[in-house]
Amino acid sequence: ETTPDGRQRLFIVSDGMDVIFNDLSEVIEGNAELRGASPAEAAASLIIQRYEAILAESKSLQVVFSSERLCGWGGGHICSDEDDAQYPKAPTDSKYLNAGSYIGPAATLVQMIRWVLNLAEQAKTDASLSGLRAKTTAEDATAKETDQYFFKMFFWQHPELVTLDYHQSIFGNFVEVEPLPCRDGWLPRCAMQPCCTVSDNFRRFQDVFYGNYEIRGCALRRQNKLPITWHGNGAGKWLWLLSLEELSRSCTFVANLTAQRYPVKPILDLFDSFDEARIAWQHAIGR
1 ETTPDGRQRL FIVSDGMDVI FNDLSEVIEG NAELRGASPA EAAASLIIQR
51 YEAILAESKS LQVVFSSERL CGWGGGHICS DEDDAQYPKA PTDSKYLNAG
101 SYIGPAATLV QMIRWVLNLA EQAKTDASLS GLRAKTTAED ATAKETDQYF
151 FKMFFWQHPE LVTLDYHQSI FGNFVEVEPL PCRDGWLPRC AMQPCCTVSD
201 NFRRFQDVFY GNYEIRGCAL RRQNKLPITW HGNGAGKWLW LLSLEELSRS
251 CTFVANLTAQ RYPVKPILDL FDSFDEARIA WQHAIGR
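Residue 1 is where the sequence shown starts when you use the numbering used here, and the numbers rise one by one after that.
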């Protein structure tokens, strides 16, 4: 399906539980081409502009995926040397595919999703794909499996169709890393080595969040860049929660939406687990 100006209509597929859509009004007001349009039309045009800028040097690319700074996927899987070697050279440290958000024309997205579903089904029954089955098993997921590695494979095998949002102009991601080894001995896979995640380090939240992110009203920036969405997957989940809390303080819309829609039970369960751990520690100390 094409639009009146001849462009293919674009669709965004995004995770539903841990994604924030930014307030783009300040960017729109500063863009003479968008100023004066309805908010929905202006936001759509801005997304199209950024999508086309990412694909500007290619005539075949059609799908843009979110990128992140950690090479891993659901269930605690970390990329192997072979996985990492399949990624092309990247212009930023956010060089790894994240399947939580992507954009493209409907026909190409259908082609890609069918490819992923067919391979996922084949991996369940084909004994020769037992290694792939192991890589896509996630005990902590609702269905006990993760589809992200299949999307990685599609990206690796179809570089003429798929690219990543390396500069996070459309899809922001909260996973933060630093070029230092992890104190606990964990060996994550990043664009630089050694490296360690810091977006999940309780002791670093103050510096990592407030040193990189800024909230103005209903808009969240990282180092003064304003993507269309923010995704809080994996090691970025804590910064996503901090952002939601800070946005709720400065943005009435987010505050009301959070109060009405966000499931508070997981947060209460988390606090309960902290209390249980604290009590157990106190009892152990008191013995």
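Glycine included, each C-beta is placed from N, C-alpha and C at the ideal position.
{"Asked": "Could you tell me whether the stretch 134 to 149 touches the stretch 46 to 63, using the rule of 3 or more Cβ pairs below 8 Å?", "Found": "no"}
{"Asked": "So what's H158 in DSSP terms, helix, strand or just coil?", "Found": "coil"}
{"Asked": "Under the rule that 16 or more other beta-carbon atoms within 10 Å means buried, what is L164, buried or exposed?", "Found": "buried"}
{"Asked": "How is V27 classed by DSSP in three states: helix, strand or coil?", "Found": "helix"}
{"Asked": "Ignore the nearest five residues each way along the sequence and tell me which others in Q86's own chain have a CB closer than 7 Å to its CB.", "Found": "W156"}
{"Asked": "Specify, as a first and last residue, the run of the beta strand (DSSP E) that P91 falls within.", "Found": "First-last for P91: undefined, no H or E at that position."}
{"Asked": "Is it true that the CB of H167 sits closer than 8 Å to the CB of T92?", "Found": "yes"}
{"Asked": "Would DSSP call R216 helix, strand or coil?", "Found": "strand"}
{"Asked": "Pick from V177, A191, P181 and S45: whose alpha carbon is nearest that of V198?", "Found": "V177"}
{"Asked": "Report the residue ranges of all alpha helix (DSSP H) runs contained in full by the stretch 74 to 146; include only those spanning at least 4 residues, in chain order.", "Found": "81 to 85, 106 to 125 and 130 to 135"}
{"Asked": "Give a yes or no on whether the C-beta atoms belonging to I215 and E246 are separated by under 8 Å.", "Found": "yes"}
{"Asked": "If you scan the stretch 189 to 263 from start to end, which runs of the beta strand (DSSP E) of 3 or more residues do you find wholly inside it?", "Found": "213 to 216, 219 to 222 and 229 to 231"}
{"Asked": "So which of F274, W281 and D200 has the shortest CA-CA distance to L241?", "Found": "D200"}
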